[in-house]
Amino acid sequence: MHVPLVLTDFLDRAVEQYGEKTAIIDDEKRLTYKQLNARVNQLSRGLQKMGIQKGDKVAYLAPNTTEMLEGFYGVYGVGAVMTPLNTRLKPADYEFILTHSESKALFVDEELYPLVQPILSKVPNLKHVIIHGESQDDYPGYEEWRGKYSPEEFDRVPLEETDIASLLYTSGTTGDPKGVLLTHRSNYLHALSTMHHLKVSDQDTLLHVLPMFHVNGWGSPFYYTANGATQVMLRKVDPKTILEKVKKHGVSVMHMAPTVLNMILEQYESSKPVIDQPLRVVIAGSAPPPAFVRKVEEDLKWEFIQVYGMTEISPLITTSVIRSMELDKPKEEKYRLKAKAGYSMIGAKVKVVDELGNQVEEDGKTIGEIVTRTNTVMEGYFKNPEATNAAIRDGWLHTGDMAVVDGDGYIEIVDRMKDVIISGGENISSIEVEGALYEHPGILEAAVVAVPHERWGEVPHAVVVLRDGHDLTEEELISFCREKLANFKAPKGITFAEELPKTASGKIQKVVIRKEFWKDRDRMVH
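Numbering (the UniProt record's numbering), first residue to last: 1 to 526.
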């Protein structure tokens, strides 16, 4: 019997098993799973009335809100493709993504509307804009618009598991973001594997710290919904608010980047709230030092779970939860293991290979590239076969992340092949930043690398060579970049140099530049 693996199953199960249970806590608003489902039915009907058809892209620009979560299930009801947008971009970025994705409709939070307002008329396929909040510029407000439609069960568009569910834009090593295509099957199988490894159950209360736009919040709207967990919304990442909500709502699990956890740790030190319930934090984005793990587990008494993945893999493929064979190891050794990317999750084959494709020695020293073969790998990059063929070779996805494997088989990331800077969990293309610098008439050469930063893990830093006759200050160049780029992408510092190190063929050696900034660290990834 073939029953398609489609994501709408997850909300159906929650309604059937947990209909009267609190599904959503969004500040003062509370919804049961039945109430959430009724709103989703209205959303699907509204999309159908708009003329949204199977395969059409529906974009969402919103923080972690009820409306954002409803989007996943309402969009799938009509067989459309959920296309979440990063809330920290510039208008030009939104113009590119909305145009490239051929989005037919855009749902945008009223606070974020000014970011897209200047470019809406320039996006050719965009026919409908709905505002989460009050109506603006003749675009309807969400509640009023949705309220016109029946909350009764919606006759969904039939889906096959091979249909595309998500189109997710990620910063690569080239300036323009690439659109990652993930099927219902990939997201579904990812949910089943991840919820097992993260120990998700109906007793959980999740605080949505990680943005849902970021690889579907690592798939959290799928597996926490499937398990009937209560989901607490968080509009803005503020450590004080996070700790207040954790205490008030009995939160048992959160997903986040290490930088956010660091902010929470600092806030905890100053306010020392009494949090009685067991709590686990799931971390990915960059590797934390073992001392960080110790602080979380000993001072806060929270369980620390490190995972690894990337947008192209739905995204998680490894976990560092201590296995039964390692339970007898000393505490410090366990913290060291927990700080690593870890070992493969169920359903994922993960290897670290050399340039010839052979697995590296498990000696904790030999560096190779992480490759994976799993049901959760993307179908490809939207309208970009060259990039797809470069990433998926001989049946394996090449991550571009360089790692070693220890004697226990734990993978530890040591450097990145790609020059992507991961700052506060967000990907920044160094080439995109260099492109902005090169627009200045005074710049002869520029190289942008990641440098260590206490709060964000790492930030972009530019090393530049000026043209003769030009005199520039660090402040002038940084503000020039901020006019061209989202603030988090702009360099946080500038070093002026006489020349940049190059290979014999004239290619700038970023690794040499990067080493200079990381020489006091034991590895070149935060």
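Each residue gets a CB set at the ideal place from its N, CA and C atoms; glycine is no exception.
As the structure is a prediction and not an experimental result, all values here were calculated from the model.
Quiz prompt | the segment 107-118 / the segment 237-246 touching (three or more Cβ pairs under 8 angstroms) | solution = Contact fails: fewer than three Cβ-Cβ distances are below 8 angstroms.
Quiz item: So what does MET82 bridge to, in DSSP terms?
Solution: As a working mapping, residue 82 is identified with position 82 in the sequence shown. Note: MET82 sits in a beta bridge opposite VAL58, SER166.
Quiz prompt | Any beta strand (DSSP E) of 3 or more consecutive residues that is wholly inside the segment 283-352 | solution = Taking only runs of at least 3 residues, the beta strand (DSSP E) segments lying wholly in the segment 283-352 are 303-309, 316-319.
Self-check item: Residues bridged to residue 534 (per DSSP)
Solution: Residue numbering for the chain in the displayed model covers 1 to 526; residue 534 lies beyond these limits and cannot be assessed.
Quiz prompt | Nearest-angstrom Cα separation, counted from ARG88 out to SER479 | solution = As a position in the sequence shown, residue 479 is number 479, starting the count at 1. As a position in the sequence shown, residue 88 is number 88, starting the count at 1. SER479 and ARG88: Cα-Cα distance of roughly 17 angstroms.
Quiz item: Taking the alpha-carbon positions, what's the TYR142 to GLY219 distance?
Solution: What you label residue 142 is simply residue 142 of the sequence shown in a count that begins at 1. What you label residue 219 is simply residue 219 of the sequence shown in a count that begins at 1. The C-alpha of GLY219 is placed about 24 angstroms away from the C-alpha of TYR142.
Exercise. Indicate the three-state DSSP secondary structure (helix, strand or coil) for ASN216 in the structure shown.
Key: Counting from 1 along the sequence shown, the entry for residue 216 is found at position 216. ASN216 falls in the helix class under three-state DSSP.
Quiz item: With 16 as the cutoff for other CB atoms within 10 Å, does ARG467 come out buried or exposed?
Solution: Residue 467 sits at position 467 when you count from the first residue of the sequence shown. Its Cβ having fewer than 16 others within 10 Å, ARG467 is exposed.
Quiz item: Do the segment 352-359 and the segment 184-204 meet, that is, are 3 or more Cβ pairs less than 8 angstroms apart?
Solution: Flag = no, the segment 352-359 and the segment 184-204 do not touch.
Self-check item: Boundaries of the alpha helix (DSSP H) in which MET195 is found, first to last residue
Solution: Along the sequence shown, read from residue 1 onward, the residue named residue 195 stands at position 195. Boundaries of the alpha helix (DSSP H) harbouring MET195: 184-197, taken from the DSSP string.
Self-check item: contact_flag[the segment 270-281, the segment 300-312] where n(CB pairs < 8 angstroms) is 3 or more
Solution: A contact is defined here as three or more CB-CB pairs under 8 angstroms, and the segment 270-281 meets this definition with respect to the segment 300-312.
Quiz item: The alpha helix (DSSP H) with ASP93 in it runs from where to where?
Solution: Start at 1 with the first residue of the sequence shown, and residue 93 comes out as number 93. In the DSSP assignment, ASP93 falls within the alpha helix (DSSP H) that extends over 91-101.
Quiz item: Could you give the distance in angstroms between the alpha-carbon of TRP456 and the alpha-carbon of GLY364?
Solution: Sequence index remark: in the sequence shown, residue 456 carries index 456 (1-based). Sequence index remark: in the sequence shown, residue 364 carries index 364 (1-based). Computed Cα separation, rounded: 27 angstroms.
Exercise. Using DSSP bridges, identify the partner residues of HIS208.
Key: Locating residue 208 in the sequence shown gives position 208, where the first residue counts as 1. Beta-bridge annotation (DSSP): HIS208 is not paired with any residue.
Practice problem: Determine the contact status of THR318 and VAL350, defining contact as a CB-CB distance below 9 angstroms. | Solution: By 1-based counting over the sequence shown, the position of residue 318 is 318. By 1-based counting over the sequence shown, the position of residue 350 is 350. Taking 9 angstroms as the Cβ cut-off, THR318 and VAL350 qualify as a contacting pair.
Quiz item: Closest to GLY55 by CA distance: which of ASN262, GLY79, ALA257 is it?
Solution: Taking the sequence shown and counting its residues from 1, one reaches residue 55 at position 55. Measuring from the Cα of GLY55, the nearest candidate turns out to be GLY79.
Quiz item: Could you give the residue range of the alpha helix (DSSP H) that holds SER271?
Solution: In the sequence shown, residue 271 corresponds to position 271, counting from 1. First-last of the alpha helix (DSSP H) with SER271: 258-271.
Quiz item: Where does the unbroken alpha helix (DSSP H) through SER201 begin, and where does it stop?
Solution: Residue mapping note: residue 201 aligns to position 201 of the sequence shown, counting from 1. Taken as a continuous stretch (DSSP letters only), SER201 belongs to no alpha helix (DSSP H), as it is neither H nor E.
Quiz prompt | CB-CB length for THR32 against ALA59, believed under 8 angstroms | solution = For this step, residue 32 is matched to residue 32 along the sequence shown. For this step, residue 59 is matched to residue 59 along the sequence shown. About 28 angstroms separates the Cβ atoms of THR32 and ALA59, ruling out a contact at the 8 angstroms cut-off.
Quiz prompt | TRP456 - DSSP class collapsed to helix/strand/coil | solution = Here the question's residue 456 lines up with position 456 in the sequence shown. Here TRP456 sits in coil by DSSP.
Practice problem: Thinking ALA284 and TYR268 are a contact (beta carbons under 8 angstroms), I'd like their distance in whole angstroms, please. | Solution: Within the sequence shown, residue 284 is the residue found at index 284, counting from 1. Within the sequence shown, residue 268 is the residue found at index 268, counting from 1. In fact, because the Cβ distance is near 21 angstroms, the residues do not count as touching under 8 angstroms.
Practice problem: Starting from the C-beta of ILE370, find all residues in its chain whose C-beta is less than 7 angstroms away, skip the five residues before and the five after it, and write them out in chain order. | Solution: One-based indexing of the sequence shown puts residue 370 at position 370. These residues qualify, in order along the chain: VAL350, VAL352, THR399, ASP401, ALA403, ILE411.
Practice problem: Select from GLU439, ASN64, GLU454, GLU426 the residue whose C-alpha is nearest the C-alpha of MET233. | Solution: Counting from one through the sequence shown, the residue named residue 233 turns up at place 233. Of the listed residues, the one whose Cα sits closest to MET233 is ASN64.
Quiz item: Given GLU312, which residues of its chain have a CB within under 7 angstroms of its CB, disregarding the five upstream and five downstream residues?
Solution: Here the question's residue 312 lines up with position 312 in the sequence shown. So the qualifying residues of the chain are VAL180, VAL377, MET378, ALA391, LEU397.
Quiz item: CA-CA distance, VAL464 and HIS132?
Solution: Within the sequence shown, the letter at position 464 stands for residue 464. Within the sequence shown, the letter at position 132 stands for residue 132. Here the C-alpha atom of VAL464 lies approximately 43 angstroms from the C-alpha atom of HIS132.
Self-check item: 9 angstroms Cβ cutoff met for TYR223 and LEU189
Solution: For this step, residue 223 is matched to residue 223 along the sequence shown. For this step, residue 189 is matched to residue 189 along the sequence shown. It is not a contact, given that the beta carbons lie outside the stated cut-off.
Self-check item: Interface flag, SER429 vs chain C, CB-CB below 9 angstroms
Solution: Within the model displayed, chain C is absent; a lone protein chain is all it includes.
Quiz item: ALA387 and LYS178 look like a contact to me (Cβ under 8 angstroms); what is the Cβ gap, rounded to whole Å?
Solution: Position 387 of the sequence shown holds residue 387. Position 178 of the sequence shown holds residue 178. With 8 angstroms as the limit, ALA387 and LYS178 qualify as a contact, their Cβ atoms being about 6 angstroms apart.
Quiz item: Going by C-alpha distance, which of SER150, GLU110, LEU106 is nearest SER121?
Solution: The count along the sequence shown starts at 1 and reaches residue 121 at position 121. For SER121, the nearest C-alpha among the options comes from LEU106.
Quiz item: Whose C-beta lies closer than 7 angstroms to the C-beta of TYR438 among residues of the same chain, with five residues either side of it excluded?
Solution: In the sequence shown, counting from the first residue as 1, residue 438 sits at position 438. Within the same chain, TYR438 has close Cβ partners ALA446.
Quiz item: How close, in whole Å, do the beta carbons of THR8 and ARG156 come, if the pair is a contact with beta carbons under 8 angstroms?
Solution: The residue you call residue 8 lines up with position 8 of the sequence shown. The residue you call residue 156 lines up with position 156 of the sequence shown. Yes, THR8 and ARG156 are in contact; Cβ-Cβ is about 6 angstroms, under 8 angstroms.
Quiz prompt | Contact under 9 angstroms by Cβ, HIS461 with ILE494 | solution = Here residue 461 refers to the residue found at position 461 when the sequence shown is read from its first residue. Here residue 494 refers to the residue found at position 494 when the sequence shown is read from its first residue. By the CB criterion at 9 angstroms, HIS461 and ILE494 fall inside the cutoff.
Self-check item: Extent of the continuous alpha helix (DSSP H) to which LEU43 belongs
Solution: The residue labelled residue 43 in the question sits at position 43 within the sequence shown. In this chain, the alpha helix (DSSP H) harbouring LEU43 covers 33-50.
Practice problem: In angstroms with no decimal places, state the Cα-to-Cα distance between residue 542 and LEU36. | Solution: Past the boundaries of the shown model lies residue 542; the chain is included only from 1 to 526, so the question cannot be answered.
Quiz item: Are there 16 or more other CB atoms within 10 angstroms of the CB of THR230, so buried, or fewer, so exposed?
Solution: Along the sequence shown, one-based indexing puts residue 230 at 230. Per the 10 Å Cβ criterion, buried.
Quiz item: From THR366 to GLY409, what distance separates their C-alpha atoms?
Solution: Position 366 of the sequence shown holds residue 366. Position 409 of the sequence shown holds residue 409. GLY409 has its alpha-carbon roughly 13 angstroms from the corresponding atom of THR366.
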